[in-house]
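Each residue of the sequence shown is one higher than the one before, starting from 38 at the first, in the numbering used here. In this text, a Cβ means the ideal position worked out from N, Cα and C, and glycines have one as well. Taking it in order: structure first as structure tokens, then the write-up.
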Amino acid sequence: MKLVLLFVVAFLVAQVLVLVPGLTWLGSVPLLAFLASIALVATVWRTLGEKLVRSASERRAIAALGQVDTPHMRGRLGAALQDAGRARAAIDHLEAAASGEPNSLEWRWRLARALSDTGRDAEALEQVRALVDEDEEFAYGRALLLRARLAARAGHTDEAVAACERFEHNHGSEPEGLYELACVLAARGDAPAAKAAFARAARAAVDSAAFKRRSDPWLVWRARWRALVG
38 MKLVLLFVVA
48 FLVAQVLVLV
58 PGLTWLGSVP
68 LLAFLASIAL
78 VATVWRTLGE
88 KLVRSASERR
98 AIAALGQVDT
108 PHMRGRLGAA
118 LQDAGRARAA
128 IDHLEAAASG
138 EPNSLEWRWR
148 LARALSDTGR
158 DAEALEQVRA
168 LVDEDEEFAY
178 GRALLLRARL
188 AARAGHTDEA
198 VAACERFEHN
208 HGSEPEGLYE
218 LACVLAARGD
228 APAAKAAFAR
238 AARAAVDSAA
248 FKRRSDPWLV
258 WRARWRALVG
């Protein structure tokens, strides 16, 4: 039955594909249009199925974590909600975890990110400042970069530049750190320095095989564009 439905949907999609500008030539090759439609529908079908399965698993995990009311379990629940893209719902749980387990930097780091993701930048900056004061290398130095980003948004550009420079001192010329520094310099109005920093970030991203394997593949293009336009 599923196979029949797949073919029916693919047939309907094929009728639409041949009407799309640039693809009208497929109308003269019906078999190719049908095969392309099958590939497209199968890909969408698989992606939606995987998303539904993942969502169901996340809901079960979140429900199970909510059964035990301890700071640690509240933290795990908040982390699960945050990882599921529900930062606003995660905040209360992460606050409870950070308060109940004040020595856990993980809960405070997650809380700072959740606050930042929901537009509560002042509270997020307060959290990440305290975190960096205890361990500036937390999350492989990403706490420093978050501090830089939030400080720049608040207009504290000297603090933001200092955080970026500290990250570079600890990690060398990593693309993410250079890009963050360039954004801060642009926010401060130092266009020539910002363009130079964007260019450095682009070069570093191209040269860093590890970065290309694990991180944002679009950073190099954003950096190149900003190096041109400021």
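Proximity of residue i and residue j at Cβ, strictly below 8 Å
i           : j           : result
residue 201 : residue 217 : yes
residue 180 : residue 146 : yes
residue 125 : residue 84  : no
residue 150 : residue 183 : yes
residue 257 : residue 239 : yes
Three-way DSSP call (helix, strand, coil) for residue i in this model
i           : result
residue 154 : helix
residue 172 : coil
residue 254 : coil
residue 109 : helix
residue 207 : helix
residue 121 : coil
residue 191 : coil
Euclidean distance between Cα positions of residue i and residue j
i           : j           : result
residue 242 : residue 115 : 33 Å
residue 80  : residue 52  : 18 Å
residue 172 : residue 78  : 49 Å
residue 130 : residue 72  : 49 Å
residue 196 : residue 185 : 7 Å
residue 229 : residue 162 : 28 Å
residue 139 : residue 165 : 14 Å
residue 234 : residue 194 : 15 Å
residue 198 : residue 221 : 7 Å
residue 120 : residue 226 : 35 Å
residue 176 : residue 207 : 13 Å
residue 112 : residue 153 : 17 Å
residue 75  : residue 263 : 40 Å
Buried versus exposed, by CB contacts within 10 Å (16 or more), residue i
i           : result
residue 178 : buried
residue 136 : exposed
residue 215 : buried
residue 219 : buried
residue 266 : exposed
residue 167 : exposed
residue 254 : exposed
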